[in-house]
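A short write-up of the structure that comes next.
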Amino acid sequence: MPASTATKTTDVVELILRDHRKMEELFRTMRNVEADRAGALQEFSALLVAHAAAEESEVYPALRRYKNVDDEDVEHSLHEHEEGNEALLALLEVEDVGSEEWDEKLEELVTAVNHHADEEERTLLNDARENVSDERRAELGAAFEKARAEQLKADCGRLENVRRLVESSSD
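For the sequence shown, position 123 matches number 405 in this note's numbering, and the numbering has no gaps at all.
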(Lines of atoms letter the chains of each structure in order from A; the text may use other names.)
(Lines give C-alpha, C1' and ligand atoms only; values in the text may rest on other atoms or scores of the structure.)
Protein backbone atom coordinates (compact mmCIF):
# COMPACT_ATOMS: atom_id res chain seq x y z
CA MET A 283 0.00 0.00 0.00
CA PRO A 284 1.45 3.43 -0.92
CA ALA A 285 2.31 5.71 2.00
CA SER A 286 -0.16 8.37 0.82
CA THR A 287 -3.05 5.90 1.14
CA ALA A 288 -2.13 5.16 4.74
CA THR A 289 -2.37 8.83 5.71
CA LYS A 290 -5.63 9.53 3.83
CA THR A 291 -8.49 10.10 6.23
CA THR A 292 -11.90 11.66 6.04
CA ASP A 293 -12.47 11.71 9.81
CA VAL A 294 -13.37 15.35 10.45
CA VAL A 295 -11.54 15.35 13.79
CA GLU A 296 -8.32 14.15 12.16
CA LEU A 297 -8.66 16.65 9.30
CA ILE A 298 -9.12 19.55 11.70
CA LEU A 299 -6.16 18.39 13.78
CA ARG A 300 -4.03 18.11 10.63
CA ASP A 301 -4.86 21.74 9.77
CA HIS A 302 -3.98 22.82 13.31
CA ARG A 303 -0.55 21.16 13.02
CA LYS A 304 0.01 22.80 9.61
CA MET A 305 -0.81 26.19 11.14
CA GLU A 306 1.79 25.57 13.87
CA GLU A 307 4.35 24.72 11.18
CA LEU A 308 3.54 27.94 9.31
CA PHE A 309 3.92 29.93 12.55
CA ARG A 310 7.44 28.52 12.91
CA THR A 311 8.23 29.62 9.36
CA MET A 312 6.78 33.10 9.92
CA ARG A 313 8.92 33.49 13.05
CA ASN A 314 12.09 32.62 11.11
CA VAL A 315 13.66 35.85 9.83
CA GLU A 316 15.53 33.92 7.12
CA ALA A 317 12.40 32.22 5.75
CA ASP A 318 9.88 33.44 3.20
CA ARG A 319 7.70 35.04 5.85
CA ALA A 320 5.38 36.75 3.35
CA GLY A 321 4.83 33.49 1.47
CA ALA A 322 4.14 31.61 4.70
CA LEU A 323 1.68 34.33 5.74
CA GLN A 324 -0.18 34.01 2.43
CA GLU A 325 -0.43 30.24 2.86
CA PHE A 326 -1.46 30.64 6.50
CA SER A 327 -4.09 33.25 5.71
CA ALA A 328 -5.74 31.03 3.10
CA LEU A 329 -5.63 28.00 5.40
CA LEU A 330 -7.03 29.83 8.42
CA VAL A 331 -9.92 31.42 6.52
CA ALA A 332 -10.79 28.24 4.61
CA HIS A 333 -10.53 26.10 7.74
CA ALA A 334 -12.77 28.39 9.80
CA ALA A 335 -15.34 28.78 7.02
CA ALA A 336 -15.55 25.01 6.53
CA GLU A 337 -15.96 24.46 10.28
CA GLU A 338 -18.68 27.10 10.46
CA SER A 339 -20.62 25.87 7.44
CA GLU A 340 -20.26 22.09 7.80
CA VAL A 341 -18.98 21.00 11.20
CA TYR A 342 -20.37 23.31 13.87
CA PRO A 343 -24.02 23.13 12.70
CA ALA A 344 -23.83 19.33 12.75
CA LEU A 345 -22.19 19.22 16.18
CA ARG A 346 -24.95 21.40 17.63
CA ARG A 347 -27.36 18.51 17.00
CA TYR A 348 -25.56 16.20 19.44
CA LYS A 349 -26.83 16.49 23.00
CA ASN A 350 -23.39 15.71 24.46
CA VAL A 351 -21.69 18.48 22.49
CA ASP A 352 -21.88 21.74 24.40
CA ASP A 353 -23.62 24.47 22.37
CA GLU A 354 -21.69 27.11 24.36
CA ASP A 355 -18.42 25.59 23.11
CA VAL A 356 -19.65 26.01 19.53
CA GLU A 357 -20.59 29.66 20.18
CA HIS A 358 -17.26 30.29 21.86
CA SER A 359 -15.41 28.80 18.88
CA LEU A 360 -17.30 31.09 16.50
CA HIS A 361 -16.25 34.09 18.58
CA GLU A 362 -12.65 32.91 18.56
CA HIS A 363 -12.75 32.62 14.76
CA GLU A 364 -13.65 36.32 14.66
CA GLU A 365 -10.73 37.13 16.98
CA GLY A 366 -8.40 35.09 14.77
CA ASN A 367 -9.56 36.96 11.67
CA GLU A 368 -9.00 40.31 13.40
CA ALA A 369 -5.45 39.31 14.40
CA LEU A 370 -4.82 37.97 10.89
CA LEU A 371 -5.99 41.23 9.32
CA ALA A 372 -3.71 43.24 11.61
CA LEU A 373 -0.72 41.16 10.47
CA LEU A 374 -1.69 41.26 6.79
CA GLU A 375 -1.79 45.06 6.97
CA VAL A 376 1.84 45.32 8.16
CA GLU A 377 3.97 46.05 5.11
CA ASP A 378 7.47 45.18 6.37
CA VAL A 379 7.86 41.51 7.33
CA GLY A 380 11.16 42.37 8.98
CA SER A 381 9.73 45.01 11.29
CA GLU A 382 9.12 44.91 15.02
CA GLU A 383 5.45 45.65 14.33
CA TRP A 384 5.24 42.52 12.16
CA ASP A 385 6.74 40.41 14.95
CA GLU A 386 4.28 41.89 17.47
CA LYS A 387 1.25 41.30 15.24
CA LEU A 388 2.47 37.78 14.48
CA GLU A 389 2.64 36.95 18.18
CA GLU A 390 -0.90 38.31 18.68
CA LEU A 391 -2.07 36.02 15.85
CA VAL A 392 -0.17 33.03 17.27
CA THR A 393 -1.74 33.62 20.68
CA ALA A 394 -5.29 33.91 19.30
CA VAL A 395 -5.07 30.89 17.00
CA ASN A 396 -3.22 28.61 19.42
CA HIS A 397 -5.69 29.47 22.19
CA HIS A 398 -8.60 28.58 19.91
CA ALA A 399 -7.00 25.37 18.59
CA ASP A 400 -6.17 24.21 22.12
CA GLU A 401 -9.69 24.84 23.42
CA GLU A 402 -11.32 23.33 20.34
CA GLU A 403 -9.20 20.20 20.64
CA ARG A 404 -10.01 19.78 24.34
CA THR A 405 -13.75 20.46 24.01
CA LEU A 406 -15.47 20.16 20.64
CA LEU A 407 -13.12 17.64 19.05
CA ASN A 408 -13.04 15.38 22.10
CA ASP A 409 -16.84 15.60 22.29
CA ALA A 410 -17.09 14.72 18.59
CA ARG A 411 -14.77 11.73 19.02
CA GLU A 412 -16.84 10.43 21.93
CA ASN A 413 -20.36 11.18 20.67
CA VAL A 414 -20.32 11.12 16.88
CA SER A 415 -20.09 7.82 15.02
CA ASP A 416 -17.09 7.05 12.82
CA GLU A 417 -19.38 7.03 9.79
CA ARG A 418 -20.84 10.46 10.60
CA ARG A 419 -17.36 11.89 11.30
CA ALA A 420 -16.29 10.61 7.86
CA GLU A 421 -19.33 12.29 6.25
CA LEU A 422 -18.54 15.54 8.07
CA GLY A 423 -14.91 15.22 7.03
CA ALA A 424 -15.85 14.92 3.36
CA ALA A 425 -18.11 17.98 3.64
CA PHE A 426 -15.38 19.87 5.54
CA GLU A 427 -12.78 19.04 2.86
CA LYS A 428 -15.12 20.11 0.05
CA ALA A 429 -16.03 23.43 1.70
CA ARG A 430 -12.40 24.09 2.56
CA ALA A 431 -11.28 23.36 -1.02
CA GLU A 432 -13.93 25.73 -2.41
CA GLN A 433 -12.70 28.50 -0.12
CA LEU A 434 -9.07 27.92 -1.11
CA LYS A 435 -9.98 27.92 -4.80
CA ALA A 436 -11.70 31.30 -4.28
CA ASP A 437 -8.44 32.75 -2.85
CA CYS A 438 -10.14 33.32 0.50
CA GLY A 439 -6.97 34.44 2.31
CA ARG A 440 -6.38 37.63 0.34
CA LEU A 441 -6.32 40.88 2.30
CA GLU A 442 -9.57 42.26 0.85
CA ASN A 443 -11.49 39.12 1.81
CA VAL A 444 -10.10 39.02 5.35
CA ARG A 445 -10.97 42.71 5.74
CA ARG A 446 -14.53 41.97 4.54
CA LEU A 447 -14.87 39.09 7.03
CA VAL A 448 -13.74 41.30 9.92
CA GLU A 449 -16.01 44.15 8.92
CA SER A 450 -19.04 41.87 8.52
CA SER A 451 -18.48 40.28 11.94
CA SER A 452 -18.39 43.67 13.64
CA ASP A 453 -21.75 44.79 12.21
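Using N, Cα and C, we set each Cβ at its ideal position, and we do this for glycine too.
Owing to the predicted nature of the structure, the values given are computational and were not obtained by experimental measurement.
Taking 8 Å as the threshold (C-beta atoms), are residue j and residue i in contact?
{"i": "residue 312", "j": "residue 329", "result": "no"}
{"i": "residue 444", "j": "residue 367", "result": "yes"}
{"i": "residue 327", "j": "residue 439", "result": "yes"}
{"i": "residue 331", "j": "residue 447", "result": "yes"}
{"i": "residue 308", "j": "residue 410", "result": "no"}
Can you say whether residue i is buried or exposed, counting buried as having 16 or more other CB atoms within 10 angstroms of its CB?
{"i": "residue 340", "result": "buried"}
{"i": "residue 361", "result": "exposed"}
If distances are taken between C-alpha atoms only, which option among the options comes closest to residue i?
{"i": "residue 401", "options": "386, 355, 306, 347", "result": "355"}
{"i": "residue 427", "options": "317, 337, 302", "result": "337"}
{"i": "residue 398", "options": "291, 310, 333, 317", "result": "333"}
{"i": "residue 389", "options": "303, 351, 310", "result": "310"}
{"i": "residue 369", "options": "386, 299, 378, 433", "result": "386"}
{"i": "residue 379", "options": "301, 365, 314", "result": "314"}
So residue i is in the alpha helix (DSSP H); what residue range does that whole segment cover?
{"i": "residue 353", "result": "353-374"}
{"i": "residue 383", "result": "382-402"}
{"i": "residue 435", "result": "416-435"}
{"i": "residue 446", "result": "441-451"}
{"i": "residue 338", "result": "Residue 338 -> no alpha helix (DSSP H), and no H or E assigned at all."}
{"i": "residue 296", "result": "294-313"}
{"i": "residue 411", "result": "408-413"}
Does at least one heavy atom of the ligand NAD sit under 7 Å from the Cβ of residue i?
{"i": "residue 364", "result": "For the structure depicted, the ligand NAD is absent and the ligand set is empty, with no information on it obtainable."}
**Asked** Between the segment 290-298 and the segment 415-426, do at least 3 Cβ pairs fall closer than 8 Å?
**Response** yes
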